[in-house]
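Participant: In this note's numbering, the protein residues as written are 290 to 419.
Every residue gets a Cβ at the ideal spot worked out from N, C-alpha and C, and that includes glycine.
Following this message is one structure expressed as structure tokens.
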């Protein structure tokens, strides 16, 4: 295995990974966070109700005790990070746990698994939080 494979396996071992499910859309204690680049979102769409946050500022916007955090969540919120296929999201969720979001996780298979399951999408035109 390569070094990144080891890092990814270690990150995922600490996550309670979430399968794609429409139930995520109705859970008031779940925040879905899309970290995909604009070109992927424009081409493939987004999950309705998701919050788009640039990966470069993710920890600052989601640190539950940080001065630069967004509203609408707390340290107990389940934050489900979404990328294309769940590799970057696994690492991002690990990092969010390190800043105090104990229930941060990723979406197994990422947005592409969500879309392949026939779950709802919206056009990918949301301006990201930076």
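Tell me the rounded alpha-carbon separation between residue 325 and residue 406.
Facilitator: 19 Å
Participant: Suppose the cutoff is 6 Å on Cβ atoms and the five residues either side in sequence are ignored; what does the same chain contact list for residue 386 look like?
Facilitator: 393
Participant: For residue 305, which residues of its own chain have a beta-carbon under 7 Å away from its beta-carbon, when the five flanking residues on both sides are left out?
Facilitator: 394
Participant: Based on Cα-Cα distance, which residue from 374, 391 and 297 lies nearest to residue 367?
Facilitator: 391
Participant: Contact between the stretch 349–358 and the stretch 296–315 is defined here as three or more beta-carbon pairs at a separation below 8 Å; is this criterion met?
Facilitator: no
Participant: Could you pull out every unbroken alpha helix (DSSP H) segment of at least 4 residues lying fully inside the stretch 338–374, listed in chain order?
Facilitator: Correct list: 347–351.
Participant: Expressed to the nearest angstrom, what Euclidean distance is found between the alpha-carbon atoms of residue 402 and residue 346?
Facilitator: A straight-line Cα-Cα distance of about 25 Å links residue 402 and residue 346.
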